[in-house]
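Below is one structure; the comments refer to it alone.
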Amino acid sequence: MSEFTRKTVSKDIFGRLLRNDGIFVNREAMRPSYMPDILPHREKEISDMASILVPALRGETPSNIFIYGKTGTGKTAVTKYVGKELVKKGEELDRKVNFVYINCEVVDTQYRLLQNISNHFINDWSERIPFTGWPTDEVYSKLRSMIDKNGGVTIIILDEIDKLKGDDALYNLSRINSYLERARVSLVGISNDLKFTEFLDPRVKSSLGEENLIFPPYDASELQDILKQRADIALKHNVLDDDVIPLCSALAAQEHGDARRALDLLRIAAELAEREGSPRVTSRYVRLAQNKIEVDRITEVVRTLPTHSKLILLAILLQEKHDKSTGNIGVITTGEVYDVYKELCKKIRTDVLTQRRVADLISELDMLGIITARVISKGRYGRTREIKLSSSADEILKILKEDELFEDLSKYKIQGQTRLI
DNA sequence: CCTCCACCGGAAGTGGAGGAAT
DNA sequence: ATTCCTCCACTTCCGGTGGAGG
């Protein structure tokens, strides 16, 4: 390679990718965090929520709300949207309305929750409540005085409320109004777990559930509208084949009408097309995207598995390979997996878990969708689980090998018949 | 129709970690 | 600092079971 070519190549690697001859106009519009101006097919939910919260604009306390809906049904988007509008209207009417959004998956303890809400009212950086150090009830009383001093109506959104540890925090928050003189607080809890309220303190339950909103899943045609709207903003005109949006919608509709899933499919399909230099997104890229999402999911799950679950997974993998090479056509059973697993443990000098425990871990792997395990009866030869890998063995092996512990282990060969007949 | 295999899966208990209360 | 409590991973024990082979 001449001096000249090397220079141009290295100089242009980003230039070529940067030149906007791809498919996207505004990539952000396809991300889950993007907030569109219009939320299609959520008009009813928006107006329901608005009518519950409108007392805030008259300085009265709105009812607390509990919102339930599966992932990707627009709970968070609708709530944030209504909140934004409410604050805007409040400024117009000169009514003080505060809107605090907390994601309980990130802020999951009582202390951090109270700390976070309090800091929302403290602009001066040096005045802020530290991550740790204060007694919990002091933070609580600080919060009360902050809210009272601030006045007006404060609406606190607790997203993913089921992730919050302990219900003391909810109990305290739901009673805060009786300690306030000049201000009012109302709570909005969001969850995708309907059973969540069953385990709650009955007092919290009745106070939080003054109003309930249920967000139904989107159906395929509603998903199409959402995708069309986003595609208009995010993509160049006329880069999608006609069947791309219907396909994305149909696939996502099968997954309980998850709009986020639909958007991910479309975005990844477009990204794959762009990366391959294709001028158009075809249904082939949607299929590839779906595959990529699945592989990414499996990769992530397997990578973060605890050691013993990985060992069990490897045991299943080895057994499957062994069966294939010996032409054995029987199904893999719990007992066989357990035997191989024991050997693997011995090899790396790890304690062996009991078969009972291993059975539970196998069920977990099943629930994670890495394997399928269903109970079958082999008559005289007992009752057991039939265990199968649910995705490519090589793919999983590759991920397992990332763990240095499994580097050598994966070469382990099962000696002959592990079980006498 | 009965037996009996090779597990399933519920119940109860242990022990250690981590957080809250005193 | 110490005790208490709660959670979690795991063990022990054991009754239960679908159906091939007798």
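Each residue of the first sequence is one higher than the one before, counting from 435 in this note's numbering.
We treat Cβ as the ideally placed atom computed from N, Cα and C, and that holds for glycine.
These numbers were taken from a predicted model, which means no experiment stands behind them.
Do you know whose CA, among the options, lies nearest residue i's CA?
i	options	result
Val587	Glu539, Leu491, Phe448	Leu491
Leu834	Leu745, Val541, Cys682	Leu745
Ile624	Asp596, Pro496, Ile556, Asp471	Asp596
Met580	Asp785, Gln549, Met469, Asp635	Gln549
Arg637	Val622, Asn762, Asn611, Leu604	Leu604
Tyr613	Glu594, Lys583, Leu748	Lys583
Ile472	Phe630, Thr513, Cys538	Thr513
His475	Arg461, Ala484, Ile486, Gly508	Gly508
Leu634	Glu615, Asp602, Arg664	Asp602
Glu728	Leu699, Asn672, Pro740	Leu699
Glu820	Glu829, Val809, Asp677, Arg791	Val809
Pro470	Arg562, Cys538, Asp659, Pro569	Asp659
Pro740	Asp757, Leu697, Gly711, Val792	Val792
Glu705	Gly503, Ile486, Leu722, His690	Leu722
Glu836	Lys812, Lys822, Thr738, His554	Thr738
Gly643	Val678, Ile499, Lys832	Ile499
By the DSSP assignment, the beta strand (DSSP E) with residue i in it spans what residues?
i	result
Asp593	586 to 593
Gly503	499 to 503
Leu647	645 to 649
Tyr535	531 to 537
Val622	617 to 625
Between the alpha carbons of residue i and residue j, how many angstroms are there, rounded?
i	j	result
Pro713	Gly456	7 angstroms
Leu628	Ser759	47 angstroms
Glu838	Ser844	10 angstroms
Arg709	Arg578	53 angstroms
Glu777	Thr768	14 angstroms
Pro650	Leu795	33 angstroms
Arg814	Val765	15 angstroms
Ile501	Tyr652	16 angstroms
Ile782	Asp842	10 angstroms
Ser797	Cys779	20 angstroms
Thr852	Ser826	Because Thr852 sits at a pLDDT of 45, beneath the cut-off of 50, its placement in the model cannot be relied upon, and the following sentence gives the value as read from the coordinates. Near 24 angstroms, if we compare the C-alpha coordinates of Ser826 and Thr852.
Ser436	Phe448	Because Ser436 sits at a pLDDT of 48, beneath the cut-off of 50, its placement in the model cannot be relied upon, and the point is left open.
Asp730	Glu477	34 angstroms
Ile855	Gly803	Residue placement at Ile855 is poorly supported in this model, since its pLDDT is 36, which falls under 50; the coordinates still yield a value, given next. Roughly 32 angstroms between the two C-alpha positions.
Ser552	Trp559	12 angstroms
Glu770	Asn762	13 angstroms
Thr510	Tyr468	11 angstroms
Lys576	Arg546	13 angstroms
Ala654	Asp828	34 angstroms
Gly503	Gly816	42 angstroms
Ile848	His756	7 angstroms
Lys639	Met801	30 angstroms
Glu734	Ala707	24 angstroms
Lys441	Val459	With a pLDDT of 49 at Lys441, under the threshold of 50, the predicted position of this residue should be treated as unreliable, and no value is reported.
Met483	Phe533	14 angstroms
Val488	Gln544	29 angstroms
Thr818	Ser717	42 angstroms
Arg461	Arg664	10 angstroms
Val720	Asn672	16 angstroms
Lys522	Arg616	21 angstroms
Leu527	Ser485	17 angstroms
Phe630	Thr570	25 angstroms
Gly711	Ser824	32 angstroms
Lys822	Ile610	53 angstroms
Give me the Cβ distance between residue i and residue j, rounded to the nearest whole Å; I'm assuming they're in contact under 8 angstroms.
i	j	result
Gln789	Tyr772	5 angstroms
Leu598	Asp542	6 angstroms
Thr495	Ser620	6 angstroms
Leu657	Ser683	4 angstroms
Ile715	Leu661	According to the sequence shown, residue 715 is Val rather than Ile. Actually they are not in contact, since the Cβ atoms of Val715 and Leu661 sit about 12 angstroms apart, beyond 8 angstroms.
Asn557	Glu594	Contact flag wrong, Cβ pair sits at about 27 angstroms.
Leu540	Ile591	The sequence shown places Val at residue 540, rather than the Leu named in the question. Actually they are not in contact, since the Cβ atoms of Val540 and Ile591 sit about 13 angstroms apart, beyond 8 angstroms.
Gly585	Arg529	So it is not a contact: roughly 10 angstroms between Cβ atoms.
Within this structure, are the beta carbons of residue i and residue j separated by less than 8 angstroms?
i	j	result
Gly524	Val531	yes
Ser497	Glu645	yes
Val774	Ala749	yes
Ala703	Arg695	no
Leu647	Glu519	no
Val736	Ile805	no
Leu799	Leu751	no
Ala463	Ala668	yes
Val573	Ile589	no
Leu681	Pro466	no
Following the continuous alpha helix (DSSP H) through residue i, name the residue where it begins and the one where it ends.
i	result
Leu823	Counting along the chain, Leu823 falls outside any alpha helix (DSSP H), though it belongs to the beta strand (DSSP E) covering 817 to 823.
Tyr468	Neither: Tyr468 is in no alpha helix (DSSP H) and is coded neither H nor E.
Ile667	654 to 668
Val521	509 to 527
Thr806	Where Thr806 is concerned, there is no enclosing alpha helix (DSSP H), although the beta strand (DSSP E) it sits in stretches over 805 to 811.
Arg721	717 to 737
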